[in-house]
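*Asks:* So that we are looking at the same thing, I have put the structure below in structure tokens.
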Amino acid sequence: MNQLSLISEVRPAIKEVIRLEVSQLISNVSKVETVKAKQGKVKCTDVTCTVCGMSCDDIEVLMANDEITTKNACTIGDARFQVLLSHDRIVYPVVYGERQEWMRAVETAADMLIKAKRPLIFLGGETSTEAMAAGIEIAELLGGLVDGNSSICHGPTIMGLQNTGQVGCTLGECRNRSDLSIYWGCNPSESHPRHLSRHSMYNRGFFVEQGSRGRKMIVVDSRLSSTAALADLHVQIKPGSDYELLDALMVALRGEEVNEAVEKVTGVSMDTIDKLVDMVKACKFGVIWMGLGIASTRGKSHNPAIAMRLAQLCNDYTKFVILANRVECNDAGLNQVLTWTTGFPFAVDFSRGYPRYQPGEYTCVDAICRGEVDAVLSISADLGGHLPKKAVERLMNVPVVSIEVSPGPQAFVSDVILPGVIDGMECDGTFYRMDNVPIRARSFTEPPFEFTKSNEDTLRMLLKVIKQKKEDMEGR
Ligand code: SF4
């Protein structure tokens, strides 16, 4: 019995040991391997923030004396820049809880993935499009599944878009033209803190010179969120009745009579529906911003689909567009790169040698919970912090390879941890903003280790080793 098969038999016990060892290693890292900033001052302008889907590209960064100061970044963005000098960066590979030499760690990762019958390659939204392309090549070579953050956030929105089509535009057009923003099922004041000030409400636009005095905001949310508190109209909907309200709005927009039962089902009065329709018809350029509150509630992909139909119908009266408030900075990037390479946006299976697409079957949560997945390669996703409990429990029983920047929950279920690079800051990279516009993020510093230059670099090395091992096994 070789070492790997022996390990798989006693894996749950080993993972508990790994959990303790990793905790120990992390505390050691903080004591002895503090990442050093370059000496002297480094000032960079027009830096891209690679945190949320807005990919703000006007950030100023000053690195001096082991300190980072940012200008224009929100608190969430600033926290990401601080990770560059954080004491708990993962700066060396860890295999089964022990510090390991780089190439040996890559080889162990390759062995685990090659042995699997149904490996899952999960490409997180914080890595670059270039790294994602390399990850897809690995999935194809191994005949595995490939998935990303879409399947645990805006996947239903993508499916709705495929069914209905999207009237879209760029964030720049929203900034310069929109005089009505409808935030549906989202709270951008907290999730995308610069959203209102950059693109919708508080900035002056080329065609909206008065700024906030020339713009109106509607928030559809079951809670009185911090964004709802700023709105001209807060539509307090009953949870899970988005589809019914969207349908009623389409009826009201056409000037037809809305069924009275809508009031009871949605909790929204007829007066509010009429007011909302009047505001839509009175605007010159309206935007519906879809949040996860619409994509992840009862109705799933049907909600974004009918919201997109509503936006299409609004164009009979005025100019209207609809956009998804993507959460991670490169959520949209995986949909783009997977679509170029396979024709499908997420949840792709290569087990038959060609790509197949089936959300609900090949999506990561479903495949893991059914017990099909027998190895996982996770890149910049901190998957353990996002999956439901049952899926995380499954991860405890299969080999897991992770490329991570910091030790989050994923580190505790990982057999191999390869240090991650902060793409877009420590190496150049391409990121797709929430409006699907590609942004080239320039690096302004370097990774705190020598063995890899970027996550793409790491994945290409892994790909090379897997290819070589497979050829050796096939006797070529
Ligand atoms: Fe970064 Fe998003 Fe904040 Fe902009 S709004 S600075 S992209 S976290």
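Final position of the sequence shown in numbering that gives the first Met the number 0 is 475; the numbers increase by one with none missing. All C-beta atoms in this analysis are idealised placements derived from N, C-alpha and C, irrespective of residue type, glycine included.
Please indicate yes or no: does the CB of Met53 lie closer than 8 angstroms to some heavy atom of the ligand SF4?
*Replies:* Residue numbering aside, residue 53 sits at position 54 when the sequence shown is read from its first letter. Flag set: Cβ of Met53 near the ligand SF4.
*Asks:* Indicate whether Thr156 and Gly423 have their beta-carbon atoms separated by less than 9 angstroms.
*Replies:* For the purposes of this step, residue 156 is identified with residue 157 of the sequence shown, where counting begins at 1. For the purposes of this step, residue 423 is identified with residue 424 of the sequence shown, where counting begins at 1. Cβ atoms of Thr156 and Gly423: not closer than 9 angstroms.
*Asks:* Is His153 near the ligand SF4 - that is, is its Cβ less than 8 angstroms away from at least one heavy atom of it?
*Replies:* For the purposes of this step, residue 153 is identified with residue 154 of the sequence shown, where counting begins at 1. No - the ligand SF4 has no heavy atom lying nearer than 8 angstroms to the Cβ of His153.
*Asks:* Could you pull the start and end residues of the beta strand (DSSP E) that His301 belongs to?
*Replies:* In the sequence shown, residue 301 corresponds to position 302, counting from 1. No beta strand (DSSP E) holds His301; the alpha helix (DSSP H) holding it covers 301 to 313.
*Asks:* Can you tell me the Cα-Cα spacing of Leu322 and His86, whole angstroms?
*Replies:* Taking the first residue of the sequence shown as position 1, residue 322 is located at position 323. Taking the first residue of the sequence shown as position 1, residue 86 is located at position 87. Those two C-alpha atoms are separated by around 38 angstroms.
*Asks:* Looking at the strands, I want to know which residues DSSP matches up with Asp146.
*Replies:* Walking along the sequence shown from the start, residue 146 turns up at place 147. Its beta-bridge partners are Phe121.
*Asks:* Closer than 8 angstroms to a non-hydrogen atom of the ligand SF4 - does that hold for the CB of Cys73?
*Replies:* What you label residue 73 is simply residue 74 of the sequence shown in a count that begins at 1. It does: the Cβ of Cys73 is within 8 angstroms (strictly closer) of some heavy atom of the ligand SF4.
*Asks:* Following the continuous alpha helix (DSSP H) through Ala366, name the residue where it begins and the one where it ends.
*Replies:* The count along the sequence shown starts at 1 and reaches residue 366 at position 367. Element bounds for Ala366: 363 to 368.
*Asks:* For a test of your reading of the model: does the CB of His194 fall under 8 angstroms from any non-hydrogen atom of the ligand SF4? Yes or no.
*Replies:* Walking along the sequence shown from the start, residue 194 turns up at place 195. Because some heavy atom of the ligand SF4 lies under 8 angstroms away, the Cβ of His194 counts as near it: yes.
*Asks:* Would DSSP call Ala476 helix, strand or coil?
*Replies:* The requested residue 476 does not occur in the structure, where the chain is confined to residues 0 to 475.
*Asks:* Any heavy atom of the ligand SF4 inside 8 angstroms of the beta-carbon of Arg79?
*Replies:* The residue labelled residue 79 in the question sits at position 80 within the sequence shown. Yes, the beta carbon of Arg79 sits closer than 8 angstroms to at least one heavy atom of the ligand SF4.
*Asks:* Looking at the ligand SF4, does it come within less than 8 angstroms of His191, judged from the CB to the closest heavy atom?
*Replies:* Along the sequence shown, read from residue 1 onward, the residue named residue 191 stands at position 192. Yes, the beta carbon of His191 sits closer than 8 angstroms to at least one heavy atom of the ligand SF4.
*Asks:* Just verifying my parser: in three-state terms, what is the DSSP assignment at Gln38?
*Replies:* If you number the sequence shown from 1, residue 38 lands on position 39. Since pLDDT at Gln38 reaches only 49, below the 50 mark, its modelled position is unreliable, and the value read off the structure follows with that caveat. Correct three-state label for Gln38: coil.
*Asks:* Taking 8 angstroms as the cut-off, is the CB of Gly134 close to at least one heavy atom of the ligand NAD?
*Replies:* Ligands present in the displayed structure are limited to the ligand SF4, and the ligand NAD is not among them.
*Asks:* Considering only the beta carbon of each residue, do Met249 and Ile305 sit closer than 9 angstroms?
*Replies:* In the sequence shown, counting from the first residue as 1, residue 249 sits at position 250. In the sequence shown, counting from the first residue as 1, residue 305 sits at position 306. In contact: Met249 and Ile305 (Cβ atoms closer than 9 angstroms).
*Asks:* Taking the C-alpha atoms as reference points, what is the distance between Met131 and Lys299?
*Replies:* Locating residue 131 in the sequence shown gives position 132, where the first residue counts as 1. Locating residue 299 in the sequence shown gives position 300, where the first residue counts as 1. Using only the alpha carbons, I get a separation of about 26 angstroms.
*Asks:* Any idea what DSSP makes of Phe443, helix, strand or coil?
*Replies:* If you number the sequence shown from 1, residue 443 lands on position 444. Looking at Phe443 - three-state DSSP - the assignment turns out to be coil, as it is neither helix nor strand.
*Asks:* Please find out if some non-hydrogen atom of the ligand SF4 comes closer than 8 angstroms to the beta-carbon of Val50.
*Replies:* Reading the sequence shown from its first residue, position 51 is the one you call residue 50. Indeed, a heavy atom of the ligand SF4 lies less than 8 angstroms from the Cβ.
*Asks:* Just checking Gly423 against the ligand SF4 - is the residue's beta carbon closer than 8 angstroms to any of the ligand's heavy atoms?
*Replies:* The count along the sequence shown starts at 1 and reaches residue 423 at position 424. Outside the cutoff, so no.
*Asks:* Under 9 angstroms between the Cβ atoms of Leu42 and Glu59?
*Replies:* By 1-based counting over the sequence shown, the position of residue 42 is 43. By 1-based counting over the sequence shown, the position of residue 59 is 60. Reading off the sequence, residue 42 comes out as Lys, not Leu. In this structure, Glu59 lies closer than 9 angstroms to Lys42 by Cβ.
*Asks:* When DSSP labels each residue in this structure, what does Gly285 get in the three-state scheme?
*Replies:* Reading the sequence shown from its first residue, position 286 is the one you call residue 285. Correct three-state label for Gly285: strand.
*Asks:* With a 10 Å radius around its C-beta and 16 neighbouring C-beta atoms as the bar for buried, classify Leu119 as buried or exposed.
*Replies:* Along the sequence shown, read from residue 1 onward, the residue named residue 119 stands at position 120. Classification of Leu119: buried, given that the 10 Å Cβ count is 16 or more.
*Asks:* From which residue to which residue does the beta strand (DSSP E) around Glu403 run?
*Replies:* Within the sequence shown, residue 403 is the residue found at index 404, counting from 1. That run of the beta strand (DSSP E) goes 399 to 403.
*Asks:* Pick helix, strand or coil for Phe80, following the three-state DSSP scheme.
*Replies:* Within the sequence shown, numbered from 1, the residue matching residue 80 stands at position 81. Correct three-state label for Phe80: helix.
*Asks:* Considering only the beta carbon of each residue, do Thr265 and Leu244 sit closer than 9 angstroms?
*Replies:* As a position in the sequence shown, residue 265 is number 266, starting the count at 1. As a position in the sequence shown, residue 244 is number 245, starting the count at 1. Contact: yes.
*Asks:* Strictly by DSSP, which residues pair up with Trp183?
*Replies:* Here residue 183 refers to the residue found at position 184 when the sequence shown is read from its first residue. Note: Trp183 sits in a beta bridge opposite Val219, Met289.
*Asks:* Can you determine whether any heavy atom of the ligand SF4 sits closer than 8 angstroms to the C-beta of Gly76, and answer yes or no?
*Replies:* Here the question's residue 76 lines up with position 77 in the sequence shown. Within the cutoff, so yes.
*Asks:* Taking contact to mean at least 3 C-beta pairs separated by less than 8 angstroms, is the region 282 to 295 in contact with the region 146 to 156?
*Replies:* The region 282 to 295 vs the region 146 to 156: in contact.
*Asks:* Taking Thr96 as the reference, give the member of Asp414, Gly171, Glu255, Tyr242 with the closest Cα.
*Replies:* As a first step, residue 96 must be located in the sequence shown, where it is residue number 97. A quick correction: the sequence has Gly, not Thr, at residue 96. When only C-alpha atoms are compared, the closest one is Asp414.
*Asks:* Does the ligand SF4 have even one heavy atom less than 8 angstroms from the beta-carbon of Ile58?
*Replies:* Within the sequence shown, numbered from 1, the residue matching residue 58 stands at position 59. Yes.
*Asks:* Check each candidate in Asn334, Asn324, Gly204 and name the one with the smallest Cα separation from Ile287.
*Replies:* Here the question's residue 287 lines up with position 288 in the sequence shown. Of the listed residues, the one whose Cα sits closest to Ile287 is Asn324.
*Asks:* Would a C-beta distance cut-off of 9 angstroms place Ser477 and Ile236 closer than the cut-off?
*Replies:* An answer regarding residue 477 cannot be provided, because it is not within the stretch 0 to 475 covered by the chain.
*Asks:* Bridge partners of Gly549, per DSSP?
*Replies:* Here the chain covers residues 0 to 475 and nothing more, so residue 549 does not appear.
*Asks:* Please give the ranges of any beta strand (DSSP E) in the region 189 to 236, keeping only runs that are unbroken, at least 3 residues long and fully inside the region.
*Replies:* Those beta strand (DSSP E) runs which fall completely within the region 189 to 236 and span 3+ residues are 215 to 219, 232 to 234.
*Asks:* For Lys263, does the three-state DSSP call read helix, strand or coil?
*Replies:* Counted from its first residue, the sequence shown places residue 263 at position 264. It is helical.
*Asks:* Rounded to the nearest angstrom, what separates Ser268 and His191 at their Cα positions?
*Replies:* For this step, residue 268 is matched to residue 269 along the sequence shown. For this step, residue 191 is matched to residue 192 along the sequence shown. Distance between the alpha carbons of Ser268 and His191: 30 angstroms.
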